[in-house]
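>
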Amino acid sequence: MTTRGISASSALDFLRVCGQLKRLKRTGWVNHQVHAPESVSDHMYRLAMCSLLLDNDSSVDRMKCIKMAIVHDLAEAFVGDITPHDGTFASNCCGC
Numbered sequence: 163m164t165t166r167g168i169s170a171s172s173a174l175d176f177l178r179v180c181g182q183l184k185r186l187k188r189t190g191w192v193n194h195q196v197h198a199p200e201s202v203s204d205h206m207y208r209l210a211m212c213s214l215l216l217d218n219d220s221s222v223d224r225m226k227c228i229k230m231a232i233v234h235d236l237a238e239a240f241v242g243d244i245t246p247h248d249g250t251f252a253s254n255c256c257g258c
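Written out as structure tokens, the structure reads:
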């Protein structure tokens, strides 16, 4: 079985990575000792819901916004939730 040309095994691997985001708490919330900090997946879902609420304005592609909201933090399953205050972005990004 394939999904969009991807094997079922690869699709399951991808979904497992996505599942890791449920357990990864948002760094800013943790750093500020917020009670019951949201997870990265909580954040992605909420942003997708915000995008869904956008007006049907021709200047904004609501579906594109929803898709971007769903995938924008997937890399955090591998690198963690890095904030600008961590000081790691500039030294690890794009050879800066």
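Quick note, our numbering runs 162 ahead of the 1-based positions in the sequence shown.
We put the CB at the ideal spot given by N, CA and C, even for glycine.
Determine which residues share a DSSP beta bridge with residue 201 and list them.
Bridge partners of residue 201: 187.
> Roughly how many angstroms lie between the CA atoms of residue 258 and residue 234, to the nearest whole one?
At residue 258 the pLDDT is 48, less than 50, meaning the model places this residue with poor confidence; the figure from the coordinates comes in the next sentence. Residue 258 and residue 234: Cα-Cα distance of roughly 22 angstroms.
> If you draw a straight line from the C-alpha of residue 223 to the C-alpha of residue 208, how long is it?
Whole-angstrom Cα-Cα distance: 18 angstroms.
> By the DSSP assignment, the alpha helix (DSSP H) with residue 175 in it spans what residues?
Residue 175 -> alpha helix (DSSP H) spans 170-182.
> Quick check on the DSSP output: what are the complete alpha helix (DSSP H) runs of length 4 or more inside the region 201-235, in order along the chain?
DSSP runs (the alpha helix (DSSP H)) wholly in the region 201-235: 202-214, 224-233.
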